[in-house]
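Enquirer:
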Ligand code: TTP
Ligand code: CA
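In the numbering used here, the protein residues as written are 6 to 397.
1) Among the candidates 132, 304 and 318, whose CA atom is the shortest distance from the CA of residue 294?
2) So which residues touch the region around ligand 2, with touch meaning a C-beta under 5 Å from any heavy atom?
3) Verify the CB distance criterion: does residue 233 have a CB-CB separation below 8 Å to chain D?
4) On a CA-only basis, which of 70, 165, 51 and 46 is nearest residue 17? Give me that one, please.
5) Quick one: is residue 203 buried, meaning 16 or more other Cβ sit within 10 Å of its Cβ, or exposed?
6) Residue 300: which of 276, 333 and 278 sits nearest, CA to CA?
7) Go ahead and label residue 244 buried or exposed: buried means 16 or more other beta carbons lie within 10 angstroms of its beta carbon, across all protein chains shown.
8) Can you tell me whether residue 53 sits near ligand 1, meaning its C-beta is under 7 Å from at least one heavy atom of the ligand?
9) May I ask whether a heavy atom of ligand 1 can be found less than 7 Å away from the beta carbon of residue 167?
10) Run through DSSP, which three-state label would residue 317 get?
11) Ligand 1 heavy atoms versus the CB of residue 70: any closer than 7 Å?
12) Give the DSSP-derived three-state secondary structure of residue 187 in the structure shown.
13) Near residue 338, what residues of its chain come up, given a Cβ to Cβ distance below 7 Å and the 5 sequence neighbours on each side ignored?
14) By the three-class DSSP mapping on this structure, what secondary structure does residue 67 have?
15) Residue 352 bridges to which residues according to DSSP?
16) Looking at the structure shown, is residue 52 part of a helix, part of a strand, or coil, going by DSSP?
17) So, is residue 21 buried or exposed, given that buried needs 16 or more other C-beta atoms within 10 angstroms?
18) Spatial neighbours of residue 221 within its chain, please: CB distance less than 8 Å, with the 5 preceding and 5 following residues excluded, ordered by chain position.
19) When the Cα atoms are used, what is the spatial distance from residue 38 to residue 190?
20) Taking 6 Å as the limit between beta carbons, can you name the residues of its chain near residue 24, skipping five residues before and five after?
21) Taking just the CA atoms, how far does residue 273 sit from residue 178?
22) Assuming residue 262 is part of the alpha helix (DSSP H), what are its boundary residues?
23) Have a look at residue 360 and residue 30 and give me their C-alpha separation to the nearest angstrom.
24) Using only the heavy atoms of ligand 1, determine whether one of them is closer than 7 Å to the beta carbon of residue 93.
25) Are there any heavy atoms of ligand 1 lying less than 7 Å away from the beta-carbon of residue 79, as far as the coordinates show?
26) With distances taken from CA atoms, which of 308, 253 and 162 is nearest residue 12?
27) Nearest-angstrom Cα distance between residue 356 and residue 321?
28) What did DSSP end up calling residue 207 once you bin it into helix, strand or coil?
29) Tell me whether residue 300 sits in a helix, a strand or coil according to DSSP, three-state version.
30) Under the criterion of a Cβ to heavy atom distance below 7 Å, does residue 66 qualify as lining ligand 1?
31) So does residue 111 have its beta carbon nearer than 7 Å to some heavy atom of ligand 1?
32) Residue 15 and residue 152: beta carbons closer than 8 Å?
33) When you compare the stretch 96-114 with the stretch 130-148, are there three or more beta-carbon pairs, one atom per stretch, that lie closer than 8 Å?
34) Exposed or buried, what is residue 364 when buried is set at 16 or more other beta-carbons lying within 10 Å of its beta-carbon?
35) Around the Cβ of residue 62, are there at least 16 other Cβ atoms within 10 angstroms (buried) or fewer (exposed)?
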């Protein structure tokens, strides 16, 4: 069966997150109304509550005292961010097995762009099921997922399917699904916009979709055009991946200042090997190589070279580092510290990010080296002239 590449955005959101962690860790709380936020006689508000408590009308941000009035039999618990943070990290790690293109929205919610992963994992639907399974088995939590061809509809799919949802909104059904929903379901439509629209006789997304654009613009300005597009199922915003790693580097301070060229070159070789390997492992490649040299008098010099193309090859890193070291010449004599770093990073593009060893920026011998070291432990094979400098 052909893969539906059109459905490439998955929105994921844990159900009743903080309360679910509490119920997971204390079985006696399962099936009961649980309210997280603090003691009911305190002046705080509800952070969240289990679905059992929602039946009583308890909601996030409601004063705890009011929550107690609505549901006196509920169990009230304080917020324990340490455990929620751990669970969140575990769940985001599961996401990262399926795609590097993740846009976190909050502690328990993210968009995943799975365009590059479809041919590996089959379909967005399969990925969503696999995520749900892994989150339940490994983190003991229930996650709702929504799938569609853009962010707005993927998130809407999650919200409509909750709890334990796995809803898909396909292109051909988008306008129909949207038409009967209230305008408040549109991204960015708050109470003020709702009031303006209500005065115009617009209550559903379907009403908005058929309102002439000039009328919407007159009452809502540019935002009117944006809402109209959403009402037609159009949302061109990209999944914004926040790549934290901007550079990576290694350096060494010698016990005694040195001027032995071979020793300096050997250090650069070792750093090139380690950085190349880290790039390949994290599916990144670099375009700028920098060496750093600190002389005996603490004067520090950096020299950089930006390559014509990106690389994840240790050999290319080493050749560039050698070139930079030679360019530096004799400098100021004895050296106290030498370092190598790579920056200007990007991920291996498209499908290559998953078939690491087909990337042209890595040589065949390095592929083999990686495979052997992956299999038999770090540094099973190491370039011969590195042996004296092998990291302990
Ligand atoms: P949400 O995803 O909004 O809520 P939820 O996960 O509890 O429930 P569901 O998604 O199934 O509707 O928020 C995630 C967590 O963030 C929530 O468990 C607690 C915290 N939170 C607050 O502390 N204060 C708030 O006002 C909200 C909305 C959430
Ligand atoms: Ca949630």
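Positions of the beta carbon are idealized from the N, C-alpha and C atoms, including for glycine.
Fair warning: this is a prediction, and the values are worked out from it, not measured in the lab.
Expert: Here's the rundown:
1) When the alpha-carbon of residue 294 is set against those of 132, 304 and 318, the nearest one is in 318.
2) 18, 19, 22 and 113
3) No chain D is present in this structure, which holds just one protein chain.
4) Scanning 70, 165, 51 and 46 for the CA closest to the CA of residue 17 turns up 165.
5) exposed
6) 333
7) buried
8) Checking the Cβ of residue 53 against ligand 1 gives yes.
9) yes
10) coil
11) no
12) strand
13) Short of 7 Å from the beta carbon of residue 338, and not among the five residues preceding or following it, lie these beta carbons of its own chain, in chain order: 264, 300 and 301.
14) coil
15) 289
16) Taken through DSSP and simplified to helix, strand or coil, residue 52 comes out as coil.
17) Per the 10 Å Cβ criterion, buried.
18) 213, 229, 230, 232 and 233
19) 27 Å
20) 39, 41, 53, 54 and 55
21) 58 Å
22) Looking at the DSSP string, residue 262 is not in any alpha helix (DSSP H); the run it does join, the beta strand (DSSP E), is 252-263.
23) Caution applies to residue 360, whose pLDDT of 39 falls short of 50 and renders its modelled position unreliable; the value that the coordinates give is listed next. Whole-angstrom Cα-Cα distance: 39 Å.
24) no
25) Because no heavy atom of ligand 1 lies under 7 Å away, the Cβ of residue 79 does not count as near it: no.
26) Closest by alpha carbon: 162.
27) Residue placement at residue 356 cannot be trusted, given a pLDDT of 33 that sits under 50; what the coordinates show is reported in the next sentence. Roughly 23 Å between the two C-alpha positions.
28) coil
29) strand
30) yes
31) Yes - ligand 1 has a heavy atom lying nearer than 7 Å to the Cβ of residue 111.
32) Yes; because the gap between Cβ atoms is below 8 Å, this pair is in contact.
33) yes
34) Note that residue 364 scores 49 on pLDDT, short of 50, meaning its location in the model is unreliable; the coordinates nonetheless yield the value given after this. Per the 10 Å Cβ criterion, buried.
35) So residue 62 ends up on the exposed side.
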